[in-house]
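Accompanying notes for the structure given below.
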Amino acid sequence: MHPPDFYSTAMWNKCMSTLLSNRPKILVVEDECLIAEELRVCLLEAGADVVGPVGVLEDALHLAGSEQDIACALVDIGLEGGMTYAVAEYLDEHSIPYLFTTGYAPAAIPDRFDGIGNFQKPIRMAALLQGIGNLIEA
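Below is the structure:
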């Protein structure tokens, strides 16, 4: 995988090496097929083990509760079946770090999630990988 034109090779390599060295298991909660596939492929190429993608609220809750050793999650806010705040709350309760990947404006996200990273769609993959690396290293 090569860096997008708007990212330096050094930044891209740092993002990639963070994931490759850890092989984290990342839960992907996303209902838009093209975005879900882009996330899946990018994460696999970066060396992550991908859980999902899952695009239905009930399935997301099931996977979050049944998979072991999830390092972090990428959570779209709106899915088929409703808003994913229950998934985010489950992740909080189980100390699983996560990032929002959404088209919603930050102001639309409830205040209780103020400290959660929010990556606006269209997602800049290098920035997202850096965010994941920061979560995993924390």
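Just so we're aligned, residue 16 is where the sequence shown starts under our numbering, counting upward by one.
Here a beta-carbon is modelled for each residue, glycine too, at the ideal position from N, C-alpha and C.
Since the structure is predicted, the reported quantities are computational estimates derived from the model, not experimental observations.
Sequence-distant residues of its chain with Cβ nearer than 7 Å to residue i (five each side left out)
i, result
"VAL65", "ILE41, VAL43, ARG55, LEU58, LEU59"
Status (buried if at least 16 other CB within 10 Å, exposed otherwise) for residue i
i, result
"GLU104", "exposed"
"ALA75", "buried"
"LEU49", "exposed"
"PRO68", "buried"
Extent of the continuous alpha helix (DSSP H) run through residue i
i, result
"TYR100", "100-108"
Cα-Cα separation between residue i and residue j, rounded to whole angstroms
i, j, result
"MET16", "GLY62", "At MET16 the pLDDT is 47, less than 50, meaning the model places this residue with poor confidence and gives no usable figure here."
"GLN145", "GLU108", "24 Å"
"TYR100", "ASN37", "28 Å"
"LYS136", "PHE115", "10 Å"
"GLY118", "PRO39", "25 Å"
"ASP84", "SER110", "11 Å"
Cβ shell of residue i (< 6 Å), same chain only, five flanking positions each side left out
i, result
"PHE21", "Unreliable placement is indicated for PHE21, whose pLDDT of 46 sits below 50; the coordinate value is still reported in the next sentence. The answer is none, since no qualifying residue turns up."
"LEU72", "LEU94, GLY96, GLY97"
"GLU82", "VAL66"
"LEU143", "PHE134"
Test item: CB-CB of residue i and residue j under 8 Å
i, j, result
"LEU150", "PRO112", "yes"
"GLY70", "ALA51", "yes"
Residue span of the beta strand (DSSP E) that contains residue i, given as start and end
i, result
"ILE138", "Looking at the DSSP string, ILE138 is not in any beta strand (DSSP E), and its letter there is neither H nor E."
"GLY67", "64-69"
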